Amino acid sequence: MLNVLSRGARPSSFKVLSSLLLQLLFFITAAPLFAQDFYKGKTVTIIVGTKAGDAYDLYPRLMAEFLPKYIPGKPNMIVQNMPGAASMIAANNVYNIAKPDGLTLGAIYPALYFDQLSKKPEVRFDWSKFNFIGAPIVSNHLLYMRSDAPYKSVDDIKNATTPPKCGSNGTTSTGYWLPKLLEEVIGTKFDIVVGYQSGSDVDLAVERGEVQCRAFTITAWFAREPFITWRKTGFANVLFQTGSKRDARLKDPPTIYELMDKYKATPTGRRLTTVALASGDFGRPIVFGPKVPADRVKLFRDAFEKMIKDPIYLAEADKRKLEIDPIDGQRLQKIAQEVIAASPEVVERMKKLMGAE
Amino acid sequence: MLEAFISGFWQVLSWPAFGYLLVGIGIGFWVGLLPGIGGLATLALMLPFSYTIKTPIEAFCFLLGMLAVTGTTGDLTSILFGIPGESSSAALILDGYPMSKKGEAGRALGAAIMSSLLGATIGALSLAISIPIMRPLVLLFGSPELFIITLMGITFIGTLAGASLIKGLLAGGVGLMLASIGVDPQTGALRYTFGALYLWDGLDVTPVVVGMFAIPEIIDLAVRGTSISNAPKEKLKGVMEGVKDTFRHFWLVVRCSLIGVYFGVLPVLGANVAQWIAYGHAARGLKDKSRAGKGAVEGVLGPGAANNSTRGGDLIPTIAFGIPGSASMALLLGALLIVGLQPGPEMLKSRLDVTFAMVWILIISNIIVAGISFLILNHLAALTFIRGSLLIPFLLVLVFIGSFTANNSIYDLIVTVLFGTLGYCMLLNGWPRPPLVLGLILGKIGENYLWISTAAYGGKWLAFPSVLILIAITIAVVAYPTIKERRGRAKYDRPEDAV
Chain A
245 MLNVLSRGAR PSSFKVLSSL LLQLLFFITA APLFAQDFYK GKTVTIIVGT KAGDAYDLYP
305 RLMAEFLPKY IPGKPNMIVQ NMPGAASMIA ANNVYNIAKP DGLTLGAIYP ALYFDQLSKK
365 PEVRFDWSKF NFIGAPIVSN HLLYMRSDAP YKSVDDIKNA TTPPKCGSNG TTSTGYWLPK
425 LLEEVIGTKF DIVVGYQSGS DVDLAVERGE VQCRAFTITA WFAREPFITW RKTGFANVLF
485 QTGSKRDARL KDPPTIYELM DKYKATPTGR RLTTVALASG DFGRPIVFGP KVPADRVKLF
545 RDAFEKMIKD PIYLAEADKR KLEIDPIDGQ RLQKIAQEVI AASPEVVERM KKLMGAE
Chain B
4 MLEAFISGFW QVLSWPAFGY LLVGIGIGFW VGLLPGIGGL ATLALMLPFS YTIKTPIEAF
64 CFLLGMLAVT GTTGDLTSIL FGIPGESSSA ALILDGYPMS KKGEAGRALG AAIMSSLLGA
124 TIGALSLAIS IPIMRPLVLL FGSPELFIIT LMGITFIGTL AGASLIKGLL AGGVGLMLAS
184 IGVDPQTGAL RYTFGALYLW DGLDVTPVVV GMFAIPEIID LAVRGTSISN APKEKLKGVM
244 EGVKDTFRHF WLVVRCSLIG VYFGVLPVLG ANVAQWIAYG HAARGLKDKS RAGKGAVEGV
304 LGPGAANNST RGGDLIPTIA FGIPGSASMA LLLGALLIVG LQPGPEMLKS RLDVTFAMVW
364 ILIISNIIVA GISFLILNHL AALTFIRGSL LIPFLLVLVF IGSFTANNSI YDLIVTVLFG
424 TLGYCMLLNG WPRPPLVLGL ILGKIGENYL WISTAAYGGK WLAFPSVLIL IAITIAVVAY
484 PTIKERRGRA KYDRPEDAV
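For the record, the sequence lines run as chains A and B. Numbering-wise, our numbering comes out as the position in the first sequence, counting from 1, plus 244. Numbering-wise, our numbering comes out as the position in the second sequence, counting from 1, plus 3.
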């Protein structure tokens, strides 16, 4: 070995090797440094798939104020609204058009993978290949029913001769697919009246007696009017909820899992439920496109973790009435892979849920 | 109740609430003037600033004050340049812009401002009066009733048709067809989207309206090679003339304001529809029908009053149920929650002062904006005497920025250009444009309510007493002018026959 060195005649394999080693060492130690330097003076854009002012817009706007604090180099962060097609325009953009340099985040709808599973040709992404950064809130759902309707429990609905009428503002909304899901897995019939302009219009229609029930998020049920009054006056009752266990504030209504046990749902039905309800776990996801360097993804995941625990952030969220119940990016990534790997049988039944058949 | 009424007034005028009101008005003033950039988008962007405001009334002075004036100043742009300042101001172009061309910009502006002020006041007072009966009032209209009201709106296509009824009906039909573009809300099926995600949500009204009305006027201005006003530049006057016009046609303004309130209360409908209905109502009342669209001041007064009075009506369901009557109300509702106020029944009991403060904000902000406008109206009207070639680049920039704000998409611009071209062809060949726009707006709403009614009640809804009454009213509204005209003609004909 020494010989080789002392001779020095051949710019030998050792030199090549050592320089390679040096380079490797340099890369290993410097990679995070690169990512850190990278963001200095840069601007990160969050592409939001809804119009300004939507609840899906409010969380990213809050994040744009706080997240940069935890990213080395403290980049600027701005929100750009790219509304349309239930945020699919934004998702397609983040996945395909945005440069994979870690400067473009997406804030998109959690149920977009339904469209991928039901093979809509407009879908230009693979849900499982998005780099999930995290979601500030996961959302479980419930179904409320006017208390003067003859359906006091899910049993009543199952035994009823005329099904209850639930209102919904579109076939992609929870108001549509959640009652459908129950119908699929335990056979309770619902008449779903679709076409209301917004969820609020459905609530008004329930007040009027035009429809009797609606499915939506547990958060909203406890956060705002008219539900605060409804709960006080007993105008409407919750018939079931979708969390894996009962919400602390909703002790009586059974979970969908309890219902599936009671009515002996088939294994396919159970898998369908898992796939459909995963959208609740995605909450309001923040994503990077697929080819963003892993170190930058990690940087953002870490920053997100820190931000979500920051008392100042939490205080500000509380002030803006934005509930925080976060889930981290790695877990979302895992769930995304699971739902996309759903069996063809589940996918077929999924299509039915989405009104595609 | 009187106590809350007075307390609301003083709270709006107290410091810093009044300061916030002025800031809101300042922003709303410019937003209204700029085409396309609507009150809604601005409200969304300004919402974070209200987080730092402490009391509900202060926050409302800022947000509602801003929203209240956008309708008024949007009218000014429509009149001066033929470009809708807000999509709810498009109907003012029909007679307002021809007035500018005749050199009567001052008069038109005076009429628009004064009718807006009157409309806003009537809207606000309706809000105040209806507080005790708010809840039953809102619950009165279910989907079947709303469907018939939409139908009534569609019959106004005939009134908006102008010279040729056939052309009007065809244009309206095209509008209805265009309304079916997008995701079908009942089954989720895609209709006429041609693989373009942009079309999933259907055609956005803003780029269509801006293109339809603004582009042809700009082309026309370029072709004519003159200033907007054809009349010689005399000493500008007429602003007071417009104010007087408002009082000459006082009852027309009141009726159109009530139309605005009514459409404001109804969910989904609102200023975008109310303006056309009010215009149709005003045009129908003209003794000399040929004046419509050629600069009749009534055509400015009607929609000017209606698009402002909707704000008051809009607030009714928001306050009564905590259920927003429109998208902008949904944002206001968000602001209410942030300042720690639950809209809904509480607003009619323990926080009645806040509700009345809203009434006052609507009135006071419109008085202030009318005051400011009167100071600068003559300068604004002078813009119509600037050479077209100097004005056109500026107008084009405004038009495209305005339509781009609809979805921040390049397709917004394409839609603007396409409908601009269509609008110009229609203008050249004497096809009326308003029926197309009304068809586009009402088509989707009507379809939804028809589906909902049928899904919820089967065929039974057709026999509801409320539905039957509304059908009767619709028929009366359609038939009355024709009968009146026939009768008038019969009287006129008889002596002729005798001769």
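Beta carbons: idealized from backbone N, C-alpha and C, even for Gly. None of these values were measured; they are calculated from a predicted model.
Near-chain A residues of the region 49 to 66 of chain B - C-beta to any C-beta below 9 Å: Leu50, Pro51, Tyr54
Helix, strand or coil at A:Ile322 [DSSP, three-state]: In the first sequence, the residue the question calls residue 322 of chain A occupies position 78. A:Ile322: strand per DSSP, three-state reduction.
Between which residues of its own chain and A:Ser412 is the CB-CB distance below 6 Å, once the five residues before and five after are set aside? Translated into the one-based positions of the first sequence, residue 412 of chain A becomes position 168. Excluding positions up to five away in sequence, the list reads Gly419, Tyr420, Ile436, Val438.
What did DSSP end up calling A:Leu386 once you bin it into helix, strand or coil? Stepping through the first sequence from its first residue, residue 386 of chain A is reached at position 142. A:Leu386 falls in the strand class under three-state DSSP.
By Cβ distance, which residues of its chain are closer than 6 Å to A:Leu426, with the 5 residues on each side in sequence left out? As a working note, residue 426 of chain A is residue 182 in the first sequence. For A:Leu426, where only same-chain residues beyond five positions count, the Cβ hits under 6 Å are Thr432.
Taking buried to mean at least 16 other C-beta atoms within 10 Å of its own C-beta, is A:Ala393 buried or exposed? Locating residue 393 of chain A in the first sequence gives position 149, counting from the first residue. Label assigned to A:Ala393: buried.
Would you call the CB atoms of B:Met565 and B:Asp317 closer than 8 Å? Not covered by the structure: residue 565 of chain B. The range shown for chain B is 4 to 502.
Between B:Phe324 and chain A, is there a C-beta pair that is closer than 8 Å? By one-based count along the second sequence, residue 324 of chain B stands at place 321. With 8 Å as the cut-off, B:Phe324 counts as an interface residue toward chain A.
Excluding the five sequence neighbours on either side, which residues of its own chain have a C-beta within less than 7 Å of the C-beta of B:Gly85, listed in chain order? Working through the second sequence from its first residue, we reach residue 85 of chain B at position 82. Closer than 7 Å at Cβ, skipping near neighbours: Ile96, Tyr100, Phe216, Ala217, Glu220.
With DSSP as the reference, label A:Ser412 as helix, strand or coil. Position 168 of the first sequence, counting from 1, holds the residue named residue 412 of chain A. If DSSP states are grouped into helix, strand and coil, A:Ser412 belongs with the strands.
Nearest chain A C-beta to B:Asn411 closer than 8 Å, yes or no? Position 408 of the second sequence, counted from the first residue, corresponds to residue 411 of chain B. Interface residue, yes.
If you draw a straight line from the C-alpha of A:Ala274 to the C-alpha of A:Ser331, how long is it? Reading the first sequence from its first residue, position 30 is the one you call residue 274 of chain A. Reading the first sequence from its first residue, position 87 is the one you call residue 331 of chain A. In this prediction, A:Ala274 has a pLDDT of 48, which is less than 50 and means its spatial position is unreliable; what the coordinates show is noted afterwards. When rounded, the distance between both Cα atoms is 37 Å.
For the alpha helix (DSSP H) containing B:Phe266, list its first residue and its last residue. Here residue 266 of chain B refers to the residue found at position 263 when the second sequence is read from its first residue. Here the alpha helix (DSSP H) through B:Phe266 covers 253 to 268.
Cα separation between A:Ile381 and A:Thr463? Your numbering for residue 381 of chain A matches position 137 in the first sequence. Your numbering for residue 463 of chain A matches position 219 in the first sequence. Going from the Cα of A:Ile381 to the Cα of A:Thr463 covers about 10 Å.
Within its chain, find whatever has a CB closer than 6 Å to the CB of B:Ala309; leave out the 5 residues flanking it on each side and keep chain order. Within the second sequence, numbered from 1, the residue matching residue 309 of chain B stands at position 306. Cβ neighbours of B:Ala309 beyond the five flanking positions: Cys259, Ile262, Gly263, Ala277, Gln278, Ala281.
What's the gap between the Cα of A:Phe484 and the Cα of A:His385? By one-based count along the first sequence, residue 484 of chain A stands at place 240. By one-based count along the first sequence, residue 385 of chain A stands at place 141. Cα-Cα distance, rounded: 9 Å.
Hey, is A:Val450's beta-carbon within less than 8 Å of any beta-carbon in chain B? Mapped onto the first sequence, residue 450 of chain A falls at position 206. For A:Val450, the answer is no, since every Cβ of chain B falls outside 8 Å of its Cβ.
Exposed unless 16 or more other CB atoms sit within 10 angstroms - verdict on B:Gly113: Counting from 1 along the second sequence, the entry for residue 113 of chain B is found at position 110. Classification of B:Gly113: buried, given that the 10 Å Cβ count is 16 or more.
Using a Cβ-Cβ cutoff of 8 Å, what residues of the region 305 to 330 of chain A are near chain B? List them in chain order. Arg305, Gln324, Asn325, Met326, Pro327, Gly328, Ala329, Ala330
Going by the DSSP bridge assignment, what does A:Ala480 pair with across the sheet? Residue 480 of chain A sits at position 236 when you count from the first residue of the first sequence. Paired residue(s): A:Arg390.
Compare the Cα-Cα distances from A:Ala459 to each of A:Pro408, A:Glu592, A:Met504, A:Asn320 and report the closest residue. As a position in the first sequence, residue 459 of chain A is number 215, starting the count at 1. Minimum Cα distance to A:Ala459 is reached at A:Pro408.
Comparing C-alpha positions only, which one of A:Pro555, A:Lys553, A:Phe532 sits nearest to A:Phe544? Numbered from its first residue, the first sequence carries residue 544 of chain A at position 300. Closest by alpha carbon: A:Phe532.
Using beta-carbon positions only, say whether B:Phe377 and B:Ile116 come within less than 8 Å of one another. Position 374 of the second sequence, counting from 1, holds the residue named residue 377 of chain B. Position 113 of the second sequence, counting from 1, holds the residue named residue 116 of chain B. Closer than 8 Å, so yes.
Does the separation of the CB atoms of A:Tyr357 and A:Ile500 fall below 8 Å? Numbered from 1 along the first sequence, position 113 holds the residue referred to as residue 357 of chain A. Numbered from 1 along the first sequence, position 256 holds the residue referred to as residue 500 of chain A. Against a cut-off of 8 Å, the Cβ pair of A:Ile500 and A:Tyr357 comes out as no contact.
Would you kindly report the start and end of the unbroken alpha helix (DSSP H) that includes B:Asn451? For the purposes of this step, residue 451 of chain B is taken as the residue at position 448 of the second sequence. Segment 437 to 460, the alpha helix (DSSP H) holding B:Asn451.
Considering just the uninterrupted stretch of the alpha helix (DSSP H) at A:Gly447, what are its terminal residues? As a first step, residue 447 of chain A is located in the first sequence; it is residue number 203 there, counting from the start. Residue identity check: residue 447 of chain A is Asp in the sequence provided, not Gly. That run of the alpha helix (DSSP H) goes 443 to 452.
Report yes or no: is there a C-beta of chain E within less than 8 Å of the C-beta of B:Gly106? Given the protein chain composition of this structure (A and B), no chain E is represented.
So with CB distances below 7 Å, who are the chain A contacts of B:Ile455? Position 452 of the second sequence, counting from 1, holds the residue named residue 455 of chain B. Going along chain A in sequence order, the residues near B:Ile455 (Cβ under 7 Å) are Val437, Gly439, Tyr440.
From what residue to what residue does the beta strand (DSSP E) around A:Val518 run? Translated into the one-based positions of the first sequence, residue 518 of chain A becomes position 274. One point to set straight first is that residue 518 of chain A is Thr, not Val, in the sequence displayed. That residue, A:Thr518, is in no beta strand (DSSP E); its alpha helix (DSSP H) goes 511 to 526.
Assuming contact is defined by CB atoms lying nearer than 8 Å, are B:Leu200 and A:Gly328 in contact in what I supplied? One-based indexing of the second sequence puts residue 200 of chain B at position 197. One-based indexing of the first sequence puts residue 328 of chain A at position 84. Yes, Cβ-Cβ distance for B:Leu200 and A:Gly328 is below 8 Å.
Given this structure, state the Cα-to-Cα distance separating B:Pro437 from A:Val455, to the nearest angstrom. If you number the second sequence from 1, residue 437 of chain B lands on position 434. If you number the first sequence from 1, residue 455 of chain A lands on position 211. Cα to Cα, the separation comes out at about 35 Å.
Counting only C-beta atoms, is A:Ala404 closer than 8 Å to chain B at any point? As a first step, residue 404 of chain A must be located in the first sequence, where it is residue number 160. Not closer than 8 Å to any Cβ of chain B, the Cβ of A:Ala404 fails to qualify, so no.
So, for A:Leu246: in the same chain, excluding its five sequence neighbours on each side, which residues have a beta-carbon less than 8 Å away from its beta-carbon? Working through the first sequence from its first residue, we reach residue 246 of chain A at position 2. With a pLDDT of only 41 at A:Leu246, under the threshold of 50, the placement of this residue in the model should not be trusted, and no figure is reported.
With B:Arg314 as the anchor, note down where its alpha helix (DSSP H) starts and where it stops. To locate residue 314 of chain B, count along the second sequence from 1; it is residue 311. It spans 301 to 324 - the alpha helix (DSSP H) in which B:Arg314 sits, taken as one unbroken run.
With 16 other CB atoms within 10 Å as the buried threshold, where does A:Ile290 fall? Along the first sequence, one-based indexing puts residue 290 of chain A at 46. Burial call: buried.
Closer than 6 Å by C-beta to A:Asn320: which residues in its own chain qualify, once you throw out the five before and the five after it? Chain order, please. Taking the first residue of the first sequence as 1, we reach residue 320 of chain A at position 76. Closer than 6 Å at Cβ, skipping near neighbours: Thr287.
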